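Here the numbering used here runs 11 ahead of the position in the sequence shown, where the first position is 1. Note that beta-carbon positions come from the ideal geometry of N, C-alpha and C, so glycine has one too. Only a predicted model underlies this, so the values are computations on that prediction, with no experimental measurement involved. See structure below.
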Amino acid sequence: MNFLLKNKKAGGVPIAIVILVLAILLVVMSSLVLFKIRGNNLESEITSGSSIGRVYADAEILNFYLREICSNISLADNPVEKFKTELARYKDDKNEYVFSNITDMTKIEPQINGEHIKVEGDILEVNLDVNLNKTLFPYGSSRLDSYLIIYDYKFNFERNLSQNS
Numbered sequence: 012m013n014f015l016l017k018n019k020k021a022g023g024v025p026i027a028i029v030i031l032v033l034a035i036l037l038v039v040m041s042s043l044v045l046f047k048i049r050g051n052n053l054e055s056e057i058t059s060g061s062s063i064g065r066v067y068a069d070a071e072i073l074n075f076y077l078r079e080i081c082s083n084i085s086l087a088d089n090p091v092e093k094f095k096t097e098l099a100r101y102k103d104d105k106n107e108y109v110f111s112n113i114t115d116m117t118k119i120e121p122q123i124n125g126e127h128i129k130v131e132g133d134i135l136e137v138n139l140d141v142n143l144n145k146t147l148f149p150y151g152s153s154r155l156d157s158y159l160i161i162y163d164y165k166f167n168f169e170r171n172l173s174q175n176s
């Protein structure tokens, strides 16, 4: 009889294993809920050189036009009025800018004033803040899978108006 009592084992699972399994289930379930809640507001960083390159190329095109406008301002001109006149030359028949596909010029036009375009001494200073926004659709994706690239471009131009350049 002594032999039978020695071979009897208490059945069941230790309490530590039960607590461990319940804790794991709690962590997994709460993680899934958080991923679902926060998954709708995800932002990703694009490191594609071609995508960013398009935005930089647009900035260079806009830079060309703005430098061309600034190069036509002389010391005898009112710089703000001359800038507006030169900028108007780049409008087409529909009264849209030829570079309107690059940026929304209506956001730049309010900056064309004495605060951003000024002559101090013989030095012309033009400082404009331009937002270049590009919406990109990766190859093979739907319109819902788009990326918005926002580039805050600072156009800074300085030229000595007493020199013919």
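{"Check": "Report the partner residues of Glu-168 according to the DSSP bridge assignment.", "Outcome": "According to the sequence provided, residue 168 is Phe. The question's Glu does not apply to it. According to DSSP, which records beta bridges pairwise, Phe-168 is partnered with Val-137."}
{"Check": "Do you know how far the Cα of Leu-159 is from the Cα of Ala-87?", "Outcome": "43 angstroms"}
{"Check": "How is the beta strand (DSSP E) around Glu-131 delimited, first residue to last?", "Outcome": "128-131"}
{"Check": "Could you pull out every residue in the same chain whose Cβ sits closer than 7 angstroms to the Cβ of Leu-143, ignoring the five residues on either side in sequence?", "Outcome": "Val-66, Asp-69, Ala-70, Ile-113, Thr-114, Tyr-162, Tyr-164"}
{"Check": "Got a sec? Which residues, its chain only, sit under 8 angstroms from His-127 by beta carbon, not counting five neighbours each side?", "Outcome": "Val-137, Asn-138, Leu-139"}
{"Check": "Suppose the cutoff is 7 angstroms on Cβ atoms and the five residues either side in sequence are ignored; what does the same chain contact list for Asp-104 look like?", "Outcome": "none"}
{"Check": "On the three-state DSSP scale, how would you describe Asp-69?", "Outcome": "helix"}
{"Check": "How should Ser-173 be labelled, buried or exposed, when 16 other C-beta atoms within 10 angstroms of its C-beta is the threshold for buried?", "Outcome": "exposed"}
{"Check": "May I ask you to list the residues that DSSP assigns as paired with Lys-102?", "Outcome": "Tyr-108"}
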